[in-house]
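In what follows, a structure is listed as structure tokens, so that the remarks can point back to it.
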Amino acid sequence: MVSPVEAVELMKWERIPLPVALHVGQERVVFVDKNVRVGFPGALDGKLRIQSTGGAVYLYPSETFTQTRLQLQDVESGEVILLDVTATNGKDPLEPVRVVYHGDVITLTDDHQIHHGAKGDNTSATSPSLAGERQAARRQKPSYTAPLPVVLTRYAAQSLYAPLRTVEAVPGIHPVSLALSPRLTTLYPSAPVIVSPLGGWGVDNLTVVALKVRNTHRENVVLDPRRLQGQFIAATFQHRWLGPSGTPEDTTTVYLVVKGRPDRAFLPEPVRSKTPMKRQGNPHAN
Numbered sequence: 001m002v003s004p005v006e007a008v009e010l011m012k013w014e015r016i017p018l019p020v021a022l023h024v025g026q027e028r029v030v031f032v033d034k035n036v037r038v039g040f041p042g043a044l045d046g047k048l049r050i051q052s053t054g055g056a057v058y059l060y061p062s063e064t065f066t067q068t069r070l071q072l073q074d075v076e077s078g079e080v081i082l083l084d085v086t087a088t089n090g091k092d093p094l095e096p097v098r099v100v101y102h103g104d105v106i107t108l109t110d111d112h113q114i115h116h117g118a119k120g121d122n123t124s125a126t127s128p129s130l131a132g133e134r135q136a137a138r139r140q141k142p143s144y145t146a147p148l149p150v151v152l153t154r155y156a157a158q159s160l161y162a163p164l165r166t167v168e169a170v171p172g173i174h175p176v177s178l179a180l181s182p183r184l185t186t187l188y189p190s191a192p193v194i195v196s197p198l199g200g201w202g203v204d205n206l207t208v209v210a211l212k213v214r215n216t217h218r219e220n221v222v223l224d225p226r227r228l229q230g231q232f233i234a235a236t237f238q239h240r241w242l243g244p245s246g247t248p249e250d251t252t253t254v255y256l257v258v259k260g261r262p263d264r265a266f267l268p269e270p271v272r273s274k275t276p277m278k279r280q281g282n283p284h285a286n
């Protein structure tokens with residue numbers, strides 16, 4: 001028989017905030033099985049210690065506080081999981097929490113019989129055929145509400161500029177490491193701008209590359225995606241023009257959707273020789 005201390009409380013994430021009770025001076029672990037970053041209000045500073053590693057979030061309250069919401073964002077998909085945490089004075093140990101996402105929650109009744117369904121639900125066990133159908137459904141390719149280039153561009157813009165709680169969860173999208181030069185001079189050579197990478201996100205064989213574009217002149221620059229040099233499926237500027245250098249409007253972002261490896265979509269950067277030029281003519285005579 002498993003003791004209550006060793007038990008794990010299962011909570012199914014169905015886009016409804018999950019209540020998590022805490023006891024002051026006791027650490028409680030929430031297993032989310034995802035690589036997440038945690039967002040929390042400033043009111044918890046000094047009251048709650050939060051650590052996230054390896055798909056687990058460790059919560060240690062040092063004093064009591066009323067119900068407060070934490071935001072756990074999946075680094076790969078952007079999905080946000082909400083926890084409503086409360087800290088009270090209590091001596092009884094609390095079991096770890098495991099968040100589940102698919103299928104039914106399995107619970108153990110008082111007579112030690114296993115039941116499937118939502119927590120506290122007494123539905124019968126899932127049949128093998130139904131379980132197979134659910135597994136097949138999970139293997140199906142996810143569907144999107146718009147063409148992938150549009151979905152990727154929107155996701156990149158939200159990831160860079162939108163509040164964490166408003167980032168739309170998109171299945172399959174993950175961060176992409178960009179093997180690009182810190183300054184891209186071949187992308188927009190016809191404009192007096194400096195271009196540098198910000199980040200990348202991919203799904204299937206497509207990647208959206210976000211680049212910072214800054215005006216270096218004292219005049220406005222009208223941005224034209226048709227003048228970009230490279231192999232891109234789609235190009236979208238955050239703004240249609242840049243203000244003079246030194247003004248708040250002198251910088252924007254461009255989102256480029258590419259197929260395959262991002263570095264192959266850009267023209268090669270010019271190679272600058274490091275060999276000093278030889279002097280020509282007669283040497284100076286003493």
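Mapping of the sequence shown onto full-length UniProt numbering: residues 1 to 286, in sequence order. Note that the Cβ used here is the ideal one computed from N, Cα and C, for glycine as well. On a predicted model such as this, the values are computed, not experimentally measured, just so you know.
My guess is that residue i and residue j are in contact by the Cβ rule of under 8 Å, so how many angstroms apart are they, rounded?
| i | j | result |
| --- | --- | --- |
| residue 23 | residue 94 | 6 Å |
| residue 21 | residue 64 | Rounded, the Cβ-Cβ distance is 12 Å, inconsistent with contact. |
| residue 238 | residue 157 | 7 Å |
| residue 12 | residue 80 | Incorrect: roughly 16 Å between the Cβ atoms, too far for contact. |
| residue 265 | residue 232 | 6 Å |
Skipping 5 residues on each side, what residues in its chain have a beta carbon closer than 6 Å to that of residue i?
| i | result |
| --- | --- |
| residue 84 | 17, 19, 67, 69 |
| residue 124 | In this prediction, residue 124 has a pLDDT of 36, which is less than 50 and means its spatial position is unreliable; nothing more can be read from the coordinates. |
| residue 48 | 61 |
| residue 149 | 233, 234, 257 |
| residue 98 | 8, 10, 31 |
Hey, would you say residue i sits closer than 7 Å to residue j, going by beta carbons?
| i | j | result |
| --- | --- | --- |
| residue 184 | residue 230 | no |
| residue 214 | residue 263 | no |
| residue 196 | residue 218 | no |
| residue 171 | residue 142 | yes |
| residue 38 | residue 74 | no |
Which same chain residues end up closer than 8 Å to residue i when comparing Cβ atoms and leaving out the 5 residues on each side of it in sequence?
| i | result |
| --- | --- |
| residue 159 | 78, 167, 199, 201 |
| residue 96 | 8, 9, 28, 29, 30, 31 |
| residue 56 | 29, 30, 31, 32 |
| residue 221 | 191, 192, 193, 215, 241, 242 |
| residue 91 | 23 |
Exposed or buried, which one is residue i when buried takes at least 16 other CB atoms within 10 Å?
| i | result |
| --- | --- |
| residue 89 | exposed |
| residue 145 | exposed |
| residue 161 | exposed |
| residue 51 | exposed |
| residue 350 | It is not possible to answer for residue 350, since the shown part of the chain is limited to 1 through 286. |
| residue 14 | exposed |
| residue 153 | buried |
Identify, in the order they occur along the chain, each residue of the same chain with its Cβ nearer than 7 Å to the Cβ of residue i, setting aside the five sequence neighbours on each side.
| i | result |
| --- | --- |
| residue 151 | 144, 170 |
| residue 131 | Any reading at residue 131 needs caution, since the residue's pLDDT is 45, under 50, leaving its predicted position unreliable; the model's value is listed next. The answer is none, since no qualifying residue turns up. |
Next item on the list: Count the C-beta pairs between the segment 253-272 and the segment 199-208 that are closer than 8 Å, then say yes if the count reaches three, no if not.
Entry: Short answer: they touch.
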